[in-house]
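In what follows, a single structure is set out as structure tokens and then discussed.
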Amino acid sequence: MYNSKEIRWFYKTEPESIRNWFEENGYIFENTEARTDYYLPLKDKNDLSIKLRENNIEVKQRTGRSENADLTDSIQGYFEDYTKWSFSSAEDDSLFHEITEKEKFSWLPVKKERIGFKLKKDDHDKIVRVALEEFPPYGCQLEYTRVKVKDEIWYSFALEWFGDQELEFDLSILDEIIGEHKLEASDSMGYAEFLNKF
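Those letters in the sequence shown? Residues 1 to 198, per UniProt numbering, in order.
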């Protein structure tokens, strides 16, 4: 079982200022490997998602949602608390393979290309950036994702706090990332709510 606190936004039109910041800092979609997750359609269920990902079955439940929060003058959204369970499927699970390889049973394939980094404290209590592949005991992941659902391309920017402590850091980095773009509360939601649009 894994707990996290997240805030996420989705956009149909790519926010160029966000993409430019990531590219200027060496985070490029072409350098990352795409993956496809398969979601069980749960219509009108905005607080629960069930997906198949890389031989795992993941259940993610939203356990709390904040009021509309102002992170900076240009950023508004909803903090959401989640609990996630992950179970390994058997290698010879024929049903799993029929869903992920033959796309049977109406599960929704969602292709994701993700770039970003994690923030953590180093040995001198300084906030530093590390790769997504690193697993500090606690921190915050900042990610920018290109998402393909039913031949539509969307973009998502998100922060995810993980671990047994909540990392506090200067949120001015968010204004650097978004530039002239504004993050609105109306675009702030988790994957379960977003996928119910389809």
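Heads up, the beta-carbon is just placed ideally off N, CA and C, and yes, glycines get one too.
Beta-carbon gap between residue i and residue j smaller than 9 Å
i    : j    : result
E160 : E143 : yes
W154 : F194 : yes
L167 : I75  : no
Y38  : P136 : no
R114 : T145 : yes
S17  : H124 : no
K112 : R35  : yes
I177 : W21  : yes
I50  : K60  : yes
F79  : I7   : yes
L149 : F117 : Here residue 149 turns out to be Val, not Leu, going by the sequence shown. No, they are not a contact pair.
G139 : F162 : yes
Residue i, buried or exposed, once every other Cβ within 10 Å from all chains shown has been counted against 16
i    : result
F105 : exposed
F87  : exposed
S186 : exposed
K120 : buried
E14  : exposed
L52  : buried
A69  : exposed
G26  : exposed
E33  : exposed
Y2   : exposed
T63  : exposed
A192 : buried
In DSSP terms, what residue i is bridged to
i    : result
D81  : K5, G64
N56  : R53, S88
D70  : Q76
Y155 : Y11, R146
DSSP three-state assignment for residue i, whether helix, strand or coil
i    : result
L183 : strand
D37  : strand
L95  : helix
I115 : strand
T145 : strand
S106 : coil
F162 : strand
L171 : coil
Boundaries (first-last residue) of the alpha helix (DSSP H) holding residue i
i    : result
Y191 : 191 to 195
F22  : 16 to 24
Host beta strand (DSSP E) of residue i (start-end)
i    : result
I127 : 127 to 130
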